[in-house]
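Inspection log for the structure reproduced underneath, given as structure tokens.
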Amino acid sequence: MGRWAIAVHGGAGVDPNLPQQRQEEAKQLLTRCLNLGISALRSNLPAIDVVELVVRELESDPLFNSGRGSALTEKGTVEMEASIMDGTKRRCGAVSGLTTVKNPISLARLVMEKSPHSYLAFSGAEEFARQQGVELVQNDYFITEENVGMLKLAKETNSILFDYRVPLETCSAGAAAAMDSTLKMNGLPISVYAPETVGCVAVDSEGRCAAATSTGGLMNKMTGRIGDSPLIGAGTYACDLCGISCTGEGEAIIRGTLARDVAAVMEYKGLGLLEAVDFVIKERLDEGKAGLIAVSRNGEVTCRFNSNGMFRGCATEDGFMEVGIWD
Amino acid sequence: MGWAIALHGGAGDISLSMPPERRLPREAALRHCLRIGVDALQTQKHPLDVVELVVRELENHPNFNAGKGSVLTTVGTVEMEACIMDGKKNCGAVSGLTTVVNPVSLARLVMEKTPHIYLAFEGAEYFAREQGVETVNSSHFVTPENVERLKQAKEANRVQIDYTQPIQKDGKTENPIADGDGDSQIGTVGCVAVDGNGNLAAATSTGGLVNKMVGRIGDTPIIGAGTYANSLCAVSATGKGESIIRGTVARDVAALMEFKGLSLREAAAYVVEECVPKGKVGLVAVSASGEVTMPFNTTGMFRACATEDGYSEIAIWPSVQE
Chain A
1 MGRWAIAVHG GAGVDPNLPQ QRQEEAKQLL TRCLNLGISA LRSNLPAIDV
51 VELVVRELES DPLFNSGRGS ALTEKGTVEM EASIMDGTKR RCGAVSGLTT
101 VKNPISLARL VMEKSPHSYL AFSGAEEFAR QQGVELVQND YFITEENVGM
151 LKLAKETNSI LFDYRVPLET CSAGAAAAMD STLKMNGLPI SVYAPETVGC
201 VAVDSEGRCA AATSTGGLMN KMTGRIGDSP LIGAGTYACD LCGISCTGEG
251 EAIIRGTLAR DVAAVMEYKG LGLLEAVDFV IKERLDEGKA GLIAVSRNGE
301 VTCRFNSNGM FRGCATEDGF MEVGIWD
Chain B
1001 MGWAIALHGG AGDISLSMPP ERRLPREAAL RHCLRIGVDA LQTQKHPLDV
1051 VELVVRELEN HPNFNAGKGS VLTTVGTVEM EACIMDGKKN CGAVSGLTTV
1101 VNPVSLARLV MEKTPHIYLA FEGAEYFARE QGVETVNSSH FVTPENVERL
1151 KQAKEANRVQ IDYTQPIQKD GKTENPIADG DGDSQIGTVG CVAVDGNGNL
1201 AAATSTGGLV NKMVGRIGDT PIIGAGTYAN SLCAVSATGK GESIIRGTVA
1251 RDVAALMEFK GLSLREAAAY VVEECVPKGK VGLVAVSASG EVTMPFNTTG
1301 MFRACATEDG YSEIAIWPSV QE
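Spelled out as structure tokens, the structure:
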């Protein structure tokens, strides 16, 4: 108790051919967000405030798949979702189907604090956003050129996957190259997959844990598709023992109730944070690919994943700091 | 070992002074649904098929808060949600349905016909049309009792639904309405089943909370909160959604069995007594070895269960032993 710790992530399942420059940009963004969180913790901001402000920063930057830079639905639009949980009292808030809210994580927080409910979605959530006076923008604010290109590739590879009559030579070079890749995430070749989700977990010097997760979801998803990020117990969880944020194949994370399982294993089996996280990543994902970041009330922090890479960073009060992408 | 089934029509502050003309039809409905489920298990239907058909029956019944008879949102509309899961952890969920006659069946189609687990609102309605499931005008789901219930809720709750004012969230029930009419205010319907081979399944369906904000999602479609199944047990919860979500109720029953070695009965009792506030939650659960349990911490819970060795029960309030 008494030591703060923090971890951030920008998604699991990274293209091994990601250009060096992109890798550098990602590491710089993670470092910047980590430092933001560290200053906040040093000035005694409670964990719940820290995770919100860090995720806001990640949402605002177009590099990762959340807020601006979100992956696109099959219709080429953006539908964002997020959740936040405060370990003390296990208060939580979640949102889905947002199309104009600049910072989904902040709306999730408002659901938690200013509504009688825990989870609001689609037009109801947008209406609540208007009433709360949060910053709203046009949907195309969130759309990046890069993701428009990725969506096109995703559609081409999906149609190749399903229509074997189409000769590979007639597809765009990008789609053909994507098909060569044997690595897949959620049915998409890893080169067109946009690692889903950003997140932050923190424990403050009072031992309070919190977790926050935000995403645009799966590239080329059906409209109305909800993933793991807004689901308490799947993508996000916090209690008095720990705080967890997950990323990766949403469906695998939901079935594995990944975030809750880390805490349940600690609570009911008495395992420590590191053991619990290792157990869950090894035993709870079946064939699924995912990663998670976690902190415990004792100031421990860990990041684990079984996917090909995960954008992440973590830091503790005694000066440890690390940012990484690969194993 | 042997098959077992349990179903519920919602937990809540069900008045003990419910008059017979309200009580008897509900008991008859529970008996009818139990019969359907038992017949299906006896003819070797897979538990996934069993829970779906029982929940469809409960959805069609206008006196329970699911499908027809769903409670209304603050603007007087119906927004239904449902979830289904089998012991292999295949699952499907839907929210924000307004025209689909049987939400639980759409949840099953999401599970079986899409690469996703959860579809909601317009996207879910669109999928329903693509799949050709039965849809009707949303007025089909609205009953006079629920119109009245909404009116009462609005009169009692003026402050709490006005979210420009500070909300007091702890302790208070959001729907402190006289329920002399005997119906569960915060209900849901659900069914869990296991066959003689240990195959498990759970399904839950609801209209949600009376006077809920448009777009509010409760515990029912959230895997691990209102619905859960794995190789050990199948669970369907009912009550105050926000409490069930925070308490990850359905998942915790299974987790206690797995990680603490508790029996089904012990695990379910522990969750309902220790992990959620009093007066908010009930659940039904079966285990792979054919046990069944139906604990609740509310005044009552519409429920029924049966096991292969001949035990059966249909009840609303706590039985004498409890």
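The listed protein sequences correspond, in order, to chains A and B. Counting from 1, one number per residue, gives the positions in the first sequence under my numbering. Counting from 1001, one number per residue, gives the positions in the second sequence under my numbering. Backbone N, C-alpha and C define an ideal beta-carbon position, used for all residues, glycine too. Computed from a predicted model, the values in this text were never measured in an experiment.
Three-state secondary structure assigned by DSSP to residue i
{"i": "H9 of chain A", "result": "strand"}
{"i": "G1180 of chain B", "result": "Bear in mind that a pLDDT of 39 at G1180 of chain B, under 50, signals an unreliable position, so the number given afterwards is only what the model happens to contain. Coil at G1180 of chain B, not helix or strand."}
{"i": "P1221 of chain B", "result": "coil"}
{"i": "S296 of chain A", "result": "strand"}
{"i": "P189 of chain A", "result": "strand"}
{"i": "K75 of chain A", "result": "coil"}
{"i": "R68 of chain A", "result": "coil"}
{"i": "S1312 of chain B", "result": "strand"}
{"i": "E196 of chain A", "result": "strand"}
{"i": "I1167 of chain B", "result": "Caution applies to I1167 of chain B, whose pLDDT of 35 falls short of 50 and renders its modelled position unreliable; the value that the coordinates give is listed next. It is coil, neither helix nor strand."}
{"i": "I1005 of chain B", "result": "strand"}
{"i": "G1198 of chain B", "result": "coil"}
{"i": "M80 of chain A", "result": "strand"}
{"i": "T1073 of chain B", "result": "strand"}
{"i": "A1120 of chain B", "result": "strand"}
{"i": "C33 of chain A", "result": "helix"}
{"i": "C1033 of chain B", "result": "helix"}
{"i": "L1053 of chain B", "result": "helix"}
{"i": "D15 of chain A", "result": "coil"}
{"i": "T1227 of chain B", "result": "strand"}
C-beta neighbour in chain B for residue i, strict 9 Å
{"i": "D261 of chain A", "result": "yes"}
{"i": "C303 of chain A", "result": "no"}
{"i": "T182 of chain A", "result": "no"}
{"i": "E251 of chain A", "result": "yes"}
{"i": "D286 of chain A", "result": "yes"}
{"i": "S123 of chain A", "result": "yes"}
{"i": "G233 of chain A", "result": "yes"}
{"i": "C314 of chain A", "result": "no"}
{"i": "F128 of chain A", "result": "yes"}
{"i": "M321 of chain A", "result": "no"}
{"i": "A94 of chain A", "result": "yes"}
{"i": "V166 of chain A", "result": "Below a pLDDT of 50, predicted positions are generally treated as unreliable, and V166 of chain A, at 39, falls in that range; no measurement from the model is reported."}
{"i": "N186 of chain A", "result": "yes"}
{"i": "C171 of chain A", "result": "Since pLDDT at C171 of chain A reaches only 48, below the 50 mark, its modelled position is unreliable, and the value read off the structure follows with that caveat. Taking Cβ atoms only, chain B never reaches closer than 9 Å to C171 of chain A, which makes this a no."}
{"i": "K27 of chain A", "result": "no"}
{"i": "S115 of chain A", "result": "yes"}
{"i": "G330 of chain A", "result": "This structure gives no information on residue 330 of chain A, because the portion of chain A shown stretches from 1 to 327."}
{"i": "V265 of chain A", "result": "yes"}
Chain A contact for residue i (CB, 9 Å cutoff)
{"i": "G1196 of chain B", "result": "no"}
{"i": "I1014 of chain B", "result": "no"}
{"i": "I1217 of chain B", "result": "yes"}
{"i": "L1030 of chain B", "result": "no"}
{"i": "F1259 of chain B", "result": "yes"}
{"i": "C1091 of chain B", "result": "yes"}
{"i": "G1123 of chain B", "result": "yes"}
{"i": "S1205 of chain B", "result": "no"}
{"i": "R1246 of chain B", "result": "yes"}
{"i": "L1150 of chain B", "result": "no"}
{"i": "A1237 of chain B", "result": "no"}
Other residues of its chain near residue i: CB distance less than 6 Å, five sequence neighbours each side excluded
{"i": "L29 of chain A", "result": "D61, L63"}
{"i": "G97 of chain A", "result": "E79, A121, F122"}
{"i": "S1095 of chain B", "result": "E1081, A1120, I1217, P1221"}
{"i": "R1251 of chain B", "result": "G1224, Y1228"}
{"i": "E300 of chain A", "result": "L273"}
{"i": "V1276 of chain B", "result": "S1243, G1247"}
{"i": "S1205 of chain B", "result": "V1055, E1059, A1066, A1082, P1103, V1104, V1189"}
Sheet register partners of residue i (DSSP bridge)
{"i": "T1204 of chain B", "result": "B:C1083, B:G1190"}
{"i": "M150 of chain A", "result": "According to DSSP, M150 of chain A bridges with nothing at all."}
{"i": "R1216 of chain B", "result": "A:L120"}
Other residues of its chain near residue i: CB distance less than 8 Å, five sequence neighbours each side excluded
{"i": "Y141 of chain A", "result": "R68, K102"}
{"i": "H1116 of chain B", "result": "V1110"}
{"i": "Q1044 of chain B", "result": "D1195"}
{"i": "L1030 of chain B", "result": "L1007, G1009, F1302, R1303, A1304, I1314"}
Cut-off 7 Å between Cβ atoms - residues of its own chain near residue i, not counting five sequence neighbours on either side
{"i": "A276 of chain A", "result": "V262, V265, M266"}
{"i": "N1090 of chain B", "result": "M1111"}
{"i": "V54 of chain A", "result": "V8, C33, L36, G37, C200"}
{"i": "L271 of chain A", "result": "V265, F279"}
Of the residues that make up the stretch 1114 to 1138 of chain B, which ones have a beta carbon closer than 9 Å to any beta carbon in chain E? The displayed structure is made up of protein chains A and B, and chain E is not among them.
At 4 residues or longer, what runs of the alpha helix (DSSP H) sit wholly inside the stretch 241 to 319 of chain A? Correct list: 250 to 255, 258 to 269, 273 to 283.
Note down, one range per segment and in chain order, each beta strand (DSSP E) of at least 3 residues found wholly within the stretch 1247 to 1316 of chain B. For the stretch 1247 to 1316 of chain B, whole beta strand (DSSP E) runs of length 3 or above, ordered along the chain, are 1281 to 1287, 1300 to 1307, 1312 to 1315.
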